[in-house]
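Here the structure comes first, spelled out in structure tokens, and everything after it is commentary.
See below:
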């Protein structure tokens, strides 16, 4: 396994852990599970016990799913969606099955360990995990958004700046940064340096939507996965390749207008 890539994918994935969308989804899932009481928990657990049980189970499942996503992104990349989702679902089931079995055996006042069947728990966990990964891809939270239609270079808009790239031809440009009289072009395949002014490079990114975050940095909106606040005055945009791009005070209003900052 490529450990630097794994670290980058972990940073990318976990950067959304405490986002409003993630937290609201987790809370809604816990509320539905507590009210519905699936898998017999409504009959065997009190309300307080169900809240505790499903809170631990769902949040633990989220952490495991994030870890599995980062692992599969490192092992097979994003260009094999079927293998990616199959592998992530199986990994999640392997990790979560003993956890759920132990949690249920500990917290359920009626069912004992001998009444909890590991194969049944594993099957249910696998089906749920696959369902979640498939749903994420179908609604566009994973790329490519689908299994049978591969996004090719002809499907994606190509800015004029692509013509200047050599070794990284075909890669999606996600970040431009100034370095003296050069521009470092970061793509999903690596980084290439061009002798060009940053302003001219940004002009050649049309029709890709992006933002200046600093006088020396421009990012593609589609590459932003989160925002990190360090102290009172430092803000960074987190990109899906793990890069942390600084945000200067001058450009904060643009990020606010784009919905990246509150």
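Numbering (UniProt numbering), first residue to last: 1 to 262. Built from N, CA and C at the ideal position, the CB exists for glycine as well.
Beyond the five residues adjoining it in sequence on each side, residue 65 comes within less than 6 Å, by CB distance, of 92 in the same chain, given in chain order. Residue 32 counts as exposed, since fewer than 16 other C-beta atoms from the protein chains shown sit within 10 angstroms of its C-beta. For residue 178, the CB contacts under 7 Å within the same chain, skipping 5 residues up- and downstream, are 198, 216 in chain order. The three-state reading of DSSP puts residue 179 in strand, counting E and B together. In its chain, beyond the 5 residues on either side, 30, 33, 34 have a beta carbon closer than 6 Å to the beta carbon of residue 54. Here residue 130 has 89 as same chain residues with Cβ atoms under 6 Å from its own Cβ, once five neighbours each way along the sequence are excluded. Per DSSP, reduced to three states, the secondary structure at residue 128 is helical. For residue 62, the enclosing alpha helix (DSSP H) starts and ends at 47-75. Between residue 252 and residue 235 the beta-carbon gap is near 7 Å, inside 8 Å, which marks them as a contact. By the 16-neighbour rule on beta-carbons within 10 angstroms, residue 81 is buried. Taking the C-beta atoms as reference points, residue 247 is found nearer than 9 Å to residue 214.
Nearest to residue 208 by C-alpha distance, out of 108, 175, 189, 42, is 175. In this chain, the alpha helix (DSSP H) harbouring residue 9 covers 3-14. The C-beta separation of residue 101 from residue 132 comes to about 20 Å, leaving the pair out of contact by the 8 Å criterion. Its Cα nearest to that of residue 240, the residue 223 stands out among 206, 14, 135, 223. Under the DSSP definition of a beta bridge, residue 214 partners with 217. Residue pairing of residue 234 in beta bridges, as defined by DSSP: 230. Spanning the alpha carbons of residue 12 and residue 189 requires a straight line of approximately 16 Å. Judged by their CB atoms, residue 84 and residue 142 are nearer to each other than the 9 Å cut-off.
Listed as beta-bridge partners of residue 187 by DSSP are 173, 190. Taking all protein chains shown into account, residue 204 has 16 or more neighbouring C-beta atoms within 10 Å of its C-beta and is therefore buried.
In the three-state scheme derived from DSSP, where H, G and I count as helix and E and B as strand, residue 202 is classed as helix.
DSSP places residue 245 in the strand class (E or B) of the three-state scheme.
As far as DSSP is concerned, residue 165 takes part in no beta bridge.
In this structure, the beta-carbon distance from residue 258 to residue 211 falls below 9 Å.
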